[in-house]
Amino acid sequence: MDHSSTSFSEIREEVRKLCAKFPGEYWRKLDAERGYPTEFVQELTQSGYLGALIPEEYGGAGLPLAGAAAILETIHAEGCNGAACHAQMYIMGTILRHGSPAQKAEYLPKIATGELRLQAFGVTEPTSGTDTTALRTFARREGDTYVVNGQKVWTSRAEHSDLMLLLARTTPRDQVKKKTDGISTFIVDMRKVLDNGLTIRPIRTMMNHNSCEVFFDNMVIPADGLVGEEGRGFRYILDGMNAERLLISSECIGDAKWFTARSTAYARDRQIFGRPIGQNQGIQFPIAKAYAQMRAAELLLHEGIRKFDAGEHCGEEANMAKMMTAEAAWAAAEACVQTHGGFGFAEEYDIERKFRETRLYQVAPISTNLVLSYIAEHVLGLPRSY
Ligand SMILES: Cc1cc2nc3c(=O)[nH]c(=O)nc-3n(C[C@H](O)[C@H](O)[C@H](O)COP(=O)(O)OP(=O)(O)OC[C@H]3O[C@@H](n4cnc5c(N)ncnc54)[C@H](O)[C@@H]3O)c2cc1C
């Protein structure tokens, strides 16, 4: 992808053309069989979009976050779904920021071309959930290796990734001063340990998301897979969360725009009682309200992205954007189903599928309550509630 002469509006146009090759029928079929959008991901990879954030010296496009956000927003506004591969864009940020020169040289160029897929992020566990520092997966150092035991849940795309970024304890929680200490980050080459210490089991979910349970049973990995210093991995992961939240927010804005485009088109066309249903305020107002919500959330998101790209603190904006864009997408989805009446439930309209897909973003990658806790504690100075 040559972006030197390409503004984001041109990137958006190119992404739109790519998405036009993957219409509703493509996604509907995959949804029914819970299939992976291999062809779509291949096209995005070959066009260089998934390497958008990798610096040019490592073979990526070297775009700012705003460029990656434009790509993901467009994918969703066109009715496609970036969830199958969006993590290929941002998980590598941990290696870029904290990896050794050897790790960067080994992985980043191959991630940029798509030769290596790094799109599995093993953080959440069944017993710790949102309380990440309570995770139990343990990596024990043995000579030149670590031996990993434990379990992750909701490790999305694990079946469609070569590498996993894994968060595991390397010092028990009761032996560290701060509970955020003693957690380390590893790059795991899953191809080398699959069915040899690593077991992956897909979870069937409300929508087609390719999320999995992952089990580690004396899984042996080379010690040089450790990213940065042992025991500091929790901080490394936190560093990447603002980028993830801002990018997922962009997808939510894309979803909201898709729903609203569908709602307005249908409301103009559908004639009931001898006039378009869109002439009724009862139909117009929920669509208009969701649109206003989306625009407000979009402004906040753009402010977060601007701060991120300027190297400024953006935790407040990234968290608030995540909550408000997810809610705006949901409001637009609700209005869209209501506008379509019974047809909102028919698979061939794609609305019920997008409705299921967009619901996720109020829960993952961070749930609304935790965003509110962040605002209360870190922005408003209220006591920590948990
Ligand atoms: C489809 C899907 C894909 C995912 N992909 C990944 C992935 O790739 N990698 C990964 O590591 N994780 C992934 N996740 C996990 C996701 O990040 C978590 O589901 C989410 O963070 C919530 O954790 P939990 O499900 O354990 O809920 P819990 O922590 O059990 O929380 C349940 C509810 O209680 C609320 N709650 C908990 N504590 C508090 C509190 N102190 N105050 C107020 N409310 C509270 C939460 O907000 C939530 O609504 C995915 C999840 C899903 C569903």
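Heads up: the sequence shown begins at 103 in the working numbering, then just goes up one per residue.
All C-beta atoms, glycine included, are put in the ideal place defined by N, C-alpha and C.
The structure displayed is predicted, hence computed values, not measured ones.
Please report the straight-line C-alpha distance between residue i and residue j, rounded to a whole angstrom.
| i | j | result |
| --- | --- | --- |
| Phe447 | Ile305 | 24 Å |
| Gln386 | Val225 | 42 Å |
| Asn251 | Asp283 | 19 Å |
| Ser107 | Ile468 | Only weak support exists for where Ser107 lies, its pLDDT of 46 falling under 50; the coordinates are left without a value. |
| Gly245 | Ser286 | 17 Å |
| Val143 | Tyr151 | 10 Å |
| Ile302 | His311 | 15 Å |
| Gln395 | Val322 | 49 Å |
| Glu479 | Asn471 | 12 Å |
| Arg238 | Asp291 | 21 Å |
| Phe445 | Val439 | 8 Å |
| Glu405 | Ala122 | 30 Å |
| Ile173 | Leu146 | 10 Å |
| Leu165 | Leu348 | 15 Å |
| Arg219 | Asn382 | 49 Å |
Going by CA-CA distance only, name the one from the options that's closest to residue i.
| i | options | result |
| --- | --- | --- |
| Pro518 | Tyr368, Val329, Ala399, Val439 | Only positions 103 to 488 of the chain appear in this structure, which leaves residue 518 out of reach. |
| Arg136 | Arg259, Gly150, Tyr151, Lys359 | Arg259 |
| Gly342 | Gly216, Leu120, Leu155 | Leu155 |
| Gly384 | Lys280, Gly184, Arg455, His442 | His442 |
| Glu449 | Ala122, Arg114, Tyr128, Val117 | Tyr128 |
| Ala493 | Asp133, Gly162, Ala392, Ala170 | There is simply no residue 493 to check, as the chain begins at 103 and stops at 488 in what is shown. |
| His262 | Val278, Leu296, Thr229 | Leu296 |
| Ser313 | Gln221, Ile350, Ala122 | Gln221 |
| Lys281 | Ala241, Asp233, Val249 | Asp233 |
| Glu158 | Thr215, Gly380, Gly181 | Thr215 |
| Glu332 | Lys294, Phe318, Arg271 | Arg271 |
| Pro125 | Lys424, Tyr451, Ala437, Lys359 | Tyr451 |
| Tyr209 | Gly153, Gly231, Ser230, Ala241 | Gly153 |
| Asn183 | Lys409, Leu269, Asp133 | Asp133 |
| Asn344 | Val473, Phe317, Gly231, Lys254 | Val473 |
Taking 6 Å as the cut-off, is the beta-carbon of residue i closer than that to any non-hydrogen atom of ligand 1?
| i | result |
| --- | --- |
| Phe223 | yes |
| Pro467 | yes |
| Asn471 | yes |
| Gly342 | no |
| Thr287 | no |
| Trp256 | yes |
| His415 | no |
| Gly137 | no |
| His262 | no |
| Tyr160 | no |
| Thr232 | yes |
| His311 | yes |
| Tyr338 | no |
| Thr273 | no |
| Thr226 | yes |
| Tyr488 | yes |
Assign residue i to one of two classes, buried (16 or more other C-beta atoms within 10 Å of its C-beta) or exposed (fewer than that).
| i | result |
| --- | --- |
| Asn298 | exposed |
| Val481 | exposed |
| Ser365 | buried |
| Ala412 | exposed |
| Pro139 | buried |
| His200 | buried |
| Leu340 | exposed |
| Glu141 | exposed |
| Ile197 | buried |
| His188 | buried |
| Glu112 | exposed |
| Asp104 | With a pLDDT of only 48 at Asp104, under the threshold of 50, the placement of this residue in the model should not be trusted; the figure read from the coordinates follows. By the 10 Å Cβ count, Asp104 comes out exposed. |
| Phe361 | buried |
| Phe375 | exposed |
| Arg377 | exposed |
| Gln277 | exposed |
Beta strand (DSSP E) containing residue i: first to last residue?
| i | result |
| --- | --- |
| Ser263 | Neither: Ser263 is in no beta strand (DSSP E) and is coded neither H nor E. |
| Tyr258 | The sequence shown places Ser at residue 258, rather than the Tyr named in the question. First-last of the beta strand (DSSP E) with Ser258: 247-258. |
| Cys314 | 313-324 |
| Phe375 | Here Phe375 belongs to no beta strand (DSSP E), and DSSP marks it neither H nor E. |
Specify, as a first and last residue, the run of the alpha helix (DSSP H) that residue i falls within.
| i | result |
| --- | --- |
| Asp341 | 335-371 |
| Gln383 | 383-411 |
| Ile113 | 110-122 |
| Ile173 | 167-179 |
| Arg293 | 292-295 |
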